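Line by line, the protein sequences are chains A and B.
When the letters of the first sequence are read in order and numbered with my numbering, they come out as residues 1 to 210.
When the letters of the second sequence are read in order and numbered with my numbering, they come out as residues 211 to 420.
Here a beta-carbon is modelled for each residue, glycine too, at the ideal position from N, C-alpha and C.
No experiment lies behind these values; they were computed from the predicted model shown.
Here is the structure we will look at, set down as structure tokens.
There are 2 protein chains.
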Amino acid sequence: MDIRVLLADDHQVLLDGFVSIFESIEDVKVVGAVKNGQEVLDFLEENQADVLLLDINMPVLNGVETCKKVTRKYPDVKVIALSMYDQQSYLKRMVQHGASGYLLKDDSAEEIEKAIRAVTQGERYVSSQLQDRLTSIDFLARKNKTVFTVSKREKEVLELLSQGFTDQEIGEKLFISFHTVKTHRKHLLSKFNAKNSAELIKKALEKGHL
Amino acid sequence: MDIRVLLADDHQVLLDGFVSIFESIEDVKVVGAVKNGQEVLDFLEENQADVLLLDINMPVLNGVETCKKVTRKYPDVKVIALSMYDQQSYLKRMVQHGASGYLLKDDSAEEIEKAIRAVTQGERYVSSQLQDRLTSIDFLARKNKTVFTVSKREKEVLELLSQGFTDQEIGEKLFISFHTVKTHRKHLLSKFNAKNSAELIKKALEKGHL
DNA sequence: ATCACAATACCCCTTTCGGGGGATCTCAAA
DNA sequence: TTTGAGATCCCCCGAAAGGGGTATTGTGAT
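Rendered as structure tokens:
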């Protein structure tokens, strides 16, 4: 039985690229190529897949959310996260949400094939480029609470901060006291481990919270 | 004579993808696939190419700089910029620096082929997704002075700012007075039209200056 | 039912920012 | 050769940010 792969990435070139790559692999069939998380769910409604190669950065429904929904609804579908960035934060979040693998777009076709075979066997696969970090991540995941959540309100504050508004102005926009905004910002700073708002915005953008 | 294409993108998957795509096109030959701007220059030192498919976001030497250097040194090489983002700021900068084409990674293989053929004919090609914006860009490019430069020193300050350092700390790192840092930051704020450092970092990241 | 956490608001205090100037000096381009 | 831009330094001043607390709600998970 062939391995049925569903591709999800918002970039057409990448989809085309993957299709071409998989054409040369005997027992791997690309059964679908979609452009966002919503389409993943729509596709799985009516079709079957063994592996989902899922880009993290997508519009409409992002990778993390899609991964969560897919693994909950279709536990048999193995999800391999695909990211441009070798950031532990992503890896952690995806693994937490049920991903079986994590690859970088920088990885070779061979590595991707290996990953697909591994996850269909029920194994986990992480890009060799990240292997060395894995131990520390596992360790951190258990001991430390590095995977933090950003609440709805904090997200709003973050967004307005990135647009250059002051606490005062944000307070007015959200109909809350500027003290509260200060508190939210304070929490954000400590969650992202940023020394000030400039670094906060950078890290938030990097980690995909903006 | 075949069209010799040099690929430059830091993501292996994309390179593989392009190679696969071009394999099915008779008269297009991929003569090289490199991972950063420096490698582009190194490659062109010893080899020839007709078209350079150049990703804008690359480490070591970014797309804009690479484009500038390549078009200056090898005027016969047609550069097609490749970006994930449909931001006019990028388009403008690349065109200013001699790019002959601009594609989105979201574009289809067909569109890419079309673009390659167009630029080898000496034409210009812009992703159809951006066609409608072109007029306004041309207009802006003439009337307004939207394209500003960020000096070397300002870039350094920007980088350190994004890492959460204060003017004082940046001054120490760069062996200059914090007054000077303040001045640089002030200039950056006005250039990027940002109300504060948070917005500055966001805009700098968006426009690819970080 | 308890516990954790999000969301709200307030206090104090110090440091940093941000906006407005002005002033050299150098180097390259017009 | 003049002009402009980059880089450097300095002033003032008020507004914000940042760090440390405390505290009250409400809600959702265990």
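State the Cα-Cα distance for the pair residue 126 of chain A and residue 51 of chain A, rounded to the nearest angstrom.
-> Going from the Cα of residue 126 of chain A to the Cα of residue 51 of chain A covers about 15 Å.
Determine the chain A residues that contact residue 406 of chain B at a beta-carbon separation under 7 Å, and present them in chain order.
-> Correct list: 164.
Limits of the unbroken beta strand (DSSP E) element including residue 383 of chain B = It is not in any beta strand (DSSP E) - residue 383 of chain B instead sits in the alpha helix (DSSP H) that spans 377-384.
Three-state secondary structure (DSSP) at residue 2 of chain A?
-> Here residue 2 of chain A sits in coil by DSSP.
Burial state of residue 402 of chain B, where buried means 16 or more other Cβ atoms lie within 10 Å | Buried, since its Cβ has 16 or more Cβ neighbours within 10 Å.
From residue 411 of chain B to residue 201 of chain A, what distance separates their C-alpha atoms?
-> Each residue's Cα considered, the two are about 7 Å apart.
DSSP three-state assignment for residue 370 of chain B, whether helix, strand or coil = It is helical.
For residue 52 of chain A, does the three-state DSSP call read helix, strand or coil?
-> Look at residue 52 of chain A here: in three-state DSSP terms it is strand.
Less than 8 Å separating the beta-carbons of residue 158 of chain A and residue 188 of chain A?
-> In contact: residue 158 of chain A and residue 188 of chain A (Cβ atoms closer than 8 Å).
With 8 Å as the threshold, decide whether the Cβ of residue 11 of chain A is near any Cβ in chain B.
-> With a threshold of 8 Å between beta carbons, residue 11 of chain A makes contact with chain B.
Segment contact flag, the stretch 213-228 of chain B with the stretch 101-109 of chain A, C-beta cutoff 8 Å, min 3 pairs | Short answer: they touch.
Using DSSP bridges, identify the partner residues of residue 82 of chain A.
-> In the DSSP output, where bridge partners are listed per residue, residue 82 of chain A has A/55, A/103.
Identify the contact partners of residue 227 of chain B in chain A, using a Cβ-Cβ distance below 8 Å as the criterion.
-> Within 8 Å Cβ-Cβ: 13, 14, 16, 17, 18, 20, 21.
Can a CB atom of chain A be found closer than 8 Å to the CB of residue 349 of chain B?
-> Because residue 349 of chain B sits at a pLDDT of 35, beneath the cut-off of 50, its placement in the model cannot be relied upon, and the following sentence gives the value as read from the coordinates. False, the Cβ-Cβ gap to chain A never drops below 8 Å.
Going along chain A, which residues have a C-beta under 7 Å from residue 411 of chain B?
-> 198, 201, 202, listed in chain order.
Kindly confirm or deny that the stretch 231-246 of chain B and the stretch 321-330 of chain B touch, where touching means at least three C-beta pairs closer than 8 Å.
-> Counting C-beta pairs closer than 8 Å gives three or more between the stretch 231-246 of chain B and the stretch 321-330 of chain B, which meets the contact rule.
Would you call residue 354 of chain B buried or exposed, if buried means 16 or more other Cβ atoms sit within 10 Å of its Cβ?
-> With a pLDDT of 33 at residue 354 of chain B, under the threshold of 50, the modelled position of this residue cannot be trusted; read the value that follows with caution. With fewer than 16 other Cβ atoms within 10 Å, it is exposed.
Helix, strand or coil: which one does DSSP assign to residue 279 of chain B?
-> Note: residue 279 of chain B maps to helix in three-state DSSP.
Sheet register partners of residue 29 of chain A (DSSP bridge) | BP columns for residue 29 of chain A point to A/4.
Cβ-Cβ distance between residue 250 of chain B and residue 241 of chain B below 8 Å = It is not a contact, given that the beta carbons lie outside the stated cut-off.
Any heavy atom of the ligand COA closer than 7 Å to the CB of residue 323 of chain B?
-> For the structure depicted, the ligand COA is absent and the ligand set is empty, with no information on it obtainable.
Terminal residues of the alpha helix (DSSP H) in which residue 198 of chain A lies = Residue 198 of chain A: member of the alpha helix (DSSP H) spanning 197-206, first to last residue.
Residues of the stretch 306-329 of chain B with a CB closer than 9 Å to any CB of chain A: list them in chain order, please.
-> Flagged, chain order: 313, 314, 315, 316, 317, 318, 319, 321, 322.
Any Cβ of chain B within less than 8 Å of the Cβ of residue 205 of chain A?
-> So yes, residue 205 of chain A belongs to the interface.
Checking contacts by CB at 8 Å: is residue 292 of chain A closer than that to chain B?
-> Residue 292 of chain A is absent from the structure shown; chain A starts at 1 and stops at 210.
When A/172, A/49, A/1 are compared against residue 8 of chain A, the one with the closest alpha-carbon = Of A/172, A/49, A/1, the residue nearest in Cα terms is A/49.
Shortest alpha-carbon distance to residue 256 of chain B belongs to which of B/288, B/360, B/235, B/216?
-> Closest option to residue 256 of chain B, Cα to Cα, is B/216.
State the start and end residues of the unbroken alpha helix (DSSP H) segment that holds residue 190 of chain A.
-> For residue 190 of chain A, the uninterrupted alpha helix (DSSP H) segment begins and ends at 178-192.
Residue 274 of chain B, DSSP secondary structure in three states = The three-state secondary structure of residue 274 of chain B, taken from DSSP, is helix.
Say whether chain A places a C-beta atom closer than 8 Å to the C-beta of residue 401 of chain B.
-> At a cut-off of 8 Å between C-beta atoms, residue 401 of chain B does not count as an interface residue with respect to chain A.
Residue 370 of chain B versus A/153, A/194, A/177, residue with shortest Cα-Cα distance = Among A/153, A/194, A/177, the Cα nearest to that of residue 370 of chain B belongs to A/194.
Which value, in whole angstroms, describes the spacing of the CA atoms of residue 393 of chain B and residue 176 of chain A?
-> Per the coordinates, the alpha-carbon of residue 393 of chain B lies some 34 Å from the alpha-carbon of residue 176 of chain A.
Secondary structure of residue 150 of chain A, DSSP reduced to three states = DSSP places residue 150 of chain A outside both helix and strand once states are collapsed to three, so it counts as coil.
Does residue 384 of chain B get closer than 8 Å to chain A when you measure Cβ to Cβ?
-> No, residue 384 of chain B lies away from the interface with chain A (no Cβ there is under 8 Å from its Cβ).
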